[in-house]
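Undergrad: Protein chains in written order, with the numbering used here: chain A, 1 to 256; chain B, 257 to 499. By construction, the Cβ of each residue, glycine as well, lies at the ideal position given by its N, Cα and C atoms. Here you go, one structure.
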Amino acid sequence: MASRAQLFSEVGKFVLFMQRVMKRPTRGRMFWRSLVYEMNLIGVDSLVIVVLISLFTGAVSTIQTAVQLTAEGGILPPDIFPMEVVGSVVGNGSLLEFAPTITCLVLAGKVGANIASEIGNMKVTEQIDAYEVMGINAANFVSLPKIIAGLIMIPCLIILANFLLLYGGAVACKVTGMLTVDEFVIGIRSSFTPLYLRLMLIKSFAFAFIITALACFEGYYTEGGALEVGEAGTRAVTRICVFILFFDLIIAQLFL
Amino acid sequence: MIRLENVHKYFDDRHVLKGINATFLPGTINMIIGASGGGKSVTLKCMVGLEEPDSGTIWFGDRDFHHLDYNGKQSVRREIGMLFQGTALFDSLTVEENVAFPLRMFSDLQEAEIKDRINHCLERVNLPGINSKFPGEISGGMKKRVGIARAIAMNIQYLFCDEPNSGLDPLTSRVIDELLLEITQEYGITTVINSHDMKTVLDIGENIVFMYQGEARWAGSGKEVVQGRKDVPELDDFFRASF
């Protein structure tokens, strides 16, 4: 019973927090400056990890799918499917799951923890109070640029991740020789479903909001010192991951 | 002038401010003194709007701060400067950007005018030439002075300082005390300092409120505090423990 009350209290607190965040910025010029800074931090600084994760996930999923289809002693006899099926499975898997979900789970660790720790540190060192005393809506000033930057940059990263996943798969085909690159590409093209692309975009915006808004929320309500700042970062990552997986399920149930 | 009338504050069941009445005068160093847990910080937070009193009134001149509408509160806040205990400088910004922050946020000054104002404020706190340093690159005393420069960058009417000498050596403490006194007299602002440093009280305190367990137990001038301790045992204990 107590945990249910606590859950409602947390949800209410989050709604009130977002109400404060979603206000018109006090000074447009300062907002744009922060937005560009945050876009660089969230987008450009995450490029390397997204490129690496995507290339390797694409390559590994291609090899594993090809092995399943050609393995001796499996449920299905080997060579029953044409090798183009590998491209189809990896292509659709990439659109539906690998690009949006895996990328966002990785970004939860990188971007989410970073945002929560940064705002948490500002809270415990009274910088948030300093904004409030000056008459600035601190929740809006520190959080809105991060949330908007996330909503712009994270979908871009996911689109890039999707291309890189397929590229990684194509490289794996070339290197291992399990199937030709042409078979892989034909598989991707023949099974392309526009709905899956739309789903990827819906997920990318939903997950971008979850990552940035939850991280800001956890950071903003940090109390204490350095230990609590670390805890806020960890709690933010855990909650973001759970919510990403939960909403992944909801979106899949709603649209598929 | 700031006036507190019968201010009460509760945290859950804890009654932390028990009907505070106090007056803080302009052009004067007003001090709230007392041991930790006595309610000094909560009183200061109520005055600057970081906490909402449960009952009572806080007057800034003839404005009842906590019953003003949003715009009214914002206009009072633009007249407030605050020096935090940990300075609360924005650590991702340089010293210059910290001092310029309220100007860029709330004034329509041109960049050249902002630069002039920054240099004036930094010179006023005896810190010329450190514009491009980050807060992490300067000493604790310098941070306090940058905090004061940021607080006075706008034309403030009220300056609040939370433990301005905490963590500073005696010499630097004296520099900060003298600076606060000079600025208060020069700009004619109402300065309220929250402190448990009796040396500061005796050096610069002009109007003192002693708080004990959420009550304003004694009030008087800086000169009267030595005499006042004879009538209030808690003040006497506090006084003795300080030396």
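1. Name the chain B residues that come within less than 7 Å of M30 of chain A, Cβ to Cβ?
2. Indicate whether the contact test is met: 3 or more Cβ pairs, each with one atom in the region 103-112 of chain A and one in the region 147-157 of chain A, closer than 8 Å.
3. Could you tell me which chain B residues have their CB closer than 9 Å to the CB of E132 of chain A, listed as they occur along the chain?
4. Helix, strand or coil for R473 of chain B per DSSP?
5. In three-state DSSP terms, what is V124 of chain A?
6. Given that I136 of chain A touches chain B, what residues does it touch there, using C-beta distances under 7 Å?
7. For R485 of chain B, which three-state DSSP category applies?
8. Helix, strand or coil: how does DSSP classify L160 of chain A here?
9. Give the range of the beta strand (DSSP E) segment to which D418 of chain B is assigned.
10. Rank B:P489, B:Q483, B:L458 and B:K479 by C-alpha distance to the C-alpha of M467 of chain B and give the top, closest one.
11. Please compile the residues from chain B whose C-beta is within a distance smaller than 7 Å of the C-beta of E126 of chain A.
12. Rounding to the nearest angstrom, what Cα-Cα distance links S9 of chain A and L107 of chain A in this structure?
13. Does the beta carbon of D129 of chain A come closer than 8 Å to any beta carbon on chain B?
14. Which whole-angstrom value describes the C-beta separation of T279 of chain B and E462 of chain B, a residue pair presumed to lie in contact below a C-beta threshold of 8 Å?
15. Hey, out of A:S3, A:G219, A:I250 and A:N137, whose CA is closest to L118 of chain A's CA?
16. Which class does M134 of chain A belong to by DSSP, given the choice of helix, strand or coil?
17. Is there contact between the region 367-379 of chain B and the region 414-434 of chain B, where contact requires at least three CB pairs shorter than 8 Å?
18. Taking the beta carbon of W474 of chain B as the centre, do at least 16 other beta carbons fall within 10 Å, making it buried, or is it exposed?
19. Is T238 of chain A closer than 8 Å to K123 of chain A when the C-beta atoms are compared?
20. Is the separation between the beta-carbon of L260 of chain B and that of N277 of chain B shorter than 8 Å?
21. Could you give the DSSP three-state label for K389 of chain B: helix, strand or coil?
22. Between which two residues does the beta strand (DSSP E) containing A278 of chain B stretch?
23. Give the residues from the region 442-457 of chain B that approach chain A closer than 9 Å (Cβ to any Cβ), ordered along the chain.
24. Can you look up F243 of chain A in the DSSP assignment and give me helix, strand or coil?
25. Based on Cα-Cα distance, which residue from A:I128, A:L144, A:N121 and A:I53 lies nearest to G28 of chain A?
26. So what does DSSP say about G478 of chain B, is it helix, strand or coil?
27. If you draw a straight line from the alpha carbon of V298 of chain B to that of A368 of chain B, how long is it in whole angstroms?
28. Residues of chain B with CB under 9 Å from R27 of chain A, in chain order?
29. Could you give the first and the last residue of the continuous alpha helix (DSSP H) run that contains A451 of chain B?
30. Using alpha carbons as the reference points, say which of A:P155, A:V229, A:G87 and A:M134 lies closest to L199 of chain A.
31. Terminal residues of the continuous beta strand (DSSP E) containing E367 of chain B?
32. Between B:N262, B:L435 and B:G305, which lies nearest to L383 of chain B when the distance is taken from Cα to Cα?
33. If we define contact as Cβ-Cβ less than 8 Å, is Q366 of chain B a contact residue for chain A?
34. Could you work out which residue in A:F246, A:L160 and A:K146 is closest to S94 of chain A when comparing CA atoms only?
TA: According to the data block:
1. Within the first sequence, residue 30 of chain A is the residue found at index 30, counting from 1. By Cβ distance, chain B contributes R360 and M361.
2. yes
3. Locating residue 132 of chain A in the first sequence gives position 132, where the first residue counts as 1. Going along chain B in sequence order, the residues near E132 of chain A (Cβ under 9 Å) are V304, G305, L306 and R333.
4. To locate residue 473 of chain B, count along the second sequence from 1; it is residue 217. Three-state DSSP puts R473 of chain B in a strand.
5. Against the first sequence, residue 124 of chain A aligns to sequence position 124. In this structure, V124 of chain A counts as helix in the three-state DSSP scheme.
6. On the first sequence, residue 136 of chain A is found 136 positions in, with the first residue counted as 1. Near I136 of chain A (Cβ distances below 7 Å), the residues of chain B are M361.
7. Translated into positions along the second sequence, residue 485 of chain B becomes position 229. If DSSP states are grouped into helix, strand and coil, R485 of chain B belongs with coil.
8. Working through the first sequence from its first residue, we reach residue 160 of chain A at position 160. Residue state, collapsed to three classes: helix.
9. Taking the second sequence and counting its residues from 1, one reaches residue 418 of chain B at position 162. Counting along the chain, the beta strand (DSSP E) containing D418 of chain B begins and ends at Y414 to D418.
10. Reading the second sequence from its first residue, position 211 is the one you call residue 467 of chain B. Closest option to M467 of chain B, Cα to Cα, is B:P489.
11. For the purposes of this step, residue 126 of chain A is identified with residue 126 of the first sequence, where counting begins at 1. By Cβ distance, chain B contributes F340, G342 and A344.
12. On the first sequence, residue 9 of chain A is found 9 positions in, with the first residue counted as 1. On the first sequence, residue 107 of chain A is found 107 positions in, with the first residue counted as 1. If I take the Cα positions, the gap works out to 27 Å.
13. As a working note, residue 129 of chain A is residue 129 in the first sequence. With 8 Å as the cut-off, D129 of chain A counts as an interface residue toward chain B.
14. Position 23 of the second sequence, counted from the start, is the residue given in the question as residue 279 of chain B. Position 206 of the second sequence, counted from the start, is the residue given in the question as residue 462 of chain B. Not confirmed; about 12 Å, so no contact.
15. In the first sequence, the residue the question calls residue 118 of chain A occupies position 118. Looking at the sequence itself, residue 118 of chain A is Glu, so the reference to Leu does not match. Here the closest residue by C-alpha is A:G219.
16. Reading the first sequence from its first residue, position 134 is the one you call residue 134 of chain A. Coil.
17. no
18. Against the second sequence, residue 474 of chain B aligns to sequence position 218. It is buried - the Cβ of W474 of chain B has at least 16 other Cβ atoms within 10 Å.
19. If you number the first sequence from 1, residue 123 of chain A lands on position 123. If you number the first sequence from 1, residue 238 of chain A lands on position 238. Not a contact, by the Cβ cut-off of 8 Å.
20. Here residue 260 of chain B is taken as the residue at index 4 of the second sequence, counted from 1. Here residue 277 of chain B is taken as the residue at index 21 of the second sequence, counted from 1. Yes, Cβ-Cβ distance for L260 of chain B and N277 of chain B is below 8 Å.
21. For the purposes of this step, residue 389 of chain B is taken as residue 133 along the second sequence, with counting starting at 1. DSSP places K389 of chain B in coil when its eight states are reduced to three.
22. As a working note, residue 278 of chain B is residue 22 in the second sequence. Per DSSP, A278 of chain B belongs to the beta strand (DSSP E) from R270 to F280.
23. none
24. Looking up residue 243 of chain A in the first sequence gives position 243. In the structure shown, F243 of chain A sits in a helix (DSSP, three-state: H, G or I).
25. Within the first sequence, the letter at position 28 stands for residue 28 of chain A. Checked all of A:I128, A:L144, A:N121 and A:I53; the closest Cα to G28 of chain A is A:L144.
26. Within the second sequence, residue 478 of chain B is the residue found at index 222, counting from 1. Here G478 of chain B sits in coil by DSSP.
27. By one-based count along the second sequence, residue 298 of chain B stands at place 42. By one-based count along the second sequence, residue 368 of chain B stands at place 112. Between V298 of chain B and A368 of chain B, the C-alpha separation is close to 39 Å.
28. Within the first sequence, the letter at position 27 stands for residue 27 of chain A. Those within 9 Å of R27 of chain A in chain B are R360, M361 and F362.
29. Along the second sequence, read from residue 1 onward, the residue named residue 451 of chain B stands at position 195. This sequence places Ser at residue 451 of chain B; Ala is not what is there. Unbroken run through S451 of chain B is the beta strand (DSSP E), T446 to S451; no alpha helix (DSSP H).
30. Along the first sequence, read from residue 1 onward, the residue named residue 199 of chain A stands at position 199. Among A:P155, A:V229, A:G87 and A:M134, the Cα nearest to that of L199 of chain A belongs to A:P155.
31. As a first step, residue 367 of chain B is located in the second sequence; it is residue number 111 there, counting from the start. Element bounds for E367 of chain B: not the beta strand (DSSP E) but the alpha helix (DSSP H), E367 to R380.
32. One-based indexing of the second sequence puts residue 383 of chain B at position 127. Closest by alpha carbon: B:L435.
33. One-based indexing of the second sequence puts residue 366 of chain B at position 110. Not an interface residue.
34. Reading the first sequence from its first residue, position 94 is the one you call residue 94 of chain A. The option with the nearest alpha carbon to S94 of chain A is A:L160.
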